[in-house]
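Everything on this sheet refers to the single structure shown next.
Numbering (my numbering), first residue to last: 37 to 215.
Right, dumping it as structure tokens:
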């Protein structure tokens, strides 16, 4: 190959890399920069109490997210041997917003109980929670993964509560309680 041909191959390789990399980078930025409303479903619970989640489904409106959250999800791992009893994720444990008073982007957690199960927020929603809608009576927000670090509670099933100032935009894990 001549020097000119080598330069052309190199230029084409760089251009191809940019064509692939730029949309990926833009997509990663989109979730954080545009208002989005995502829903995750509890699919299982570990012996330690960590809630395993589905991949998030994200939409552009709160109404669409509420509709998604209202859909029951069949969990075959919870069916009995005859396949007659089904496990369903059937109510909103909490909705976490990146704005005060239930505004901005959100992530809705749908599950079956308020018995202290917890989850780590996805990386793109770490340190972004400013308010939460409580599907359970009490949501405990921690500033570190795995229910560790400083914490703050929001109270009142059926209400949206702002995160106390000292924990605003610091949540990395949340536990859901009935009392």
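C-beta atoms are modelled at their ideal positions from N, C-alpha and C, and glycine is treated no differently.
No experiment lies behind these values; they were computed from the predicted model shown.
When DSSP reads this structure, residue 74 sits in a beta bridge with 94, 143.
Taking one beta carbon from each stretch, the stretch 141-153 and the stretch 200-207 have fewer than 3 pairs nearer than 8 Å; the two do not touch. Beta bridge pairing from DSSP links residue 130 with 145, 170. In this model, residue 78 and residue 127 are separated by some 10 Å (Cα to Cα).
For residue 152, the uninterrupted beta strand (DSSP E) run begins and ends at 151-156, by DSSP. For residue 183, the three-state secondary structure derived from DSSP is coil. DSSP places residue 193 in the coil class of the three-state scheme, outside both helix and strand.
Around the beta carbon of residue 70, a 10 Å sphere encloses fewer than 16 other beta carbons of the protein chains shown; the residue is thus reported as exposed. DSSP links residue 209 through a beta bridge to 156, 178.
Distance check between residue 84 and each of 73, 151, 102, 139 places 151 closest, using alpha-carbon atoms only. The DSSP-derived three-state label of residue 105 is helix. Taking the CA atoms as reference points, residue 99 sits about 13 Å from residue 139.
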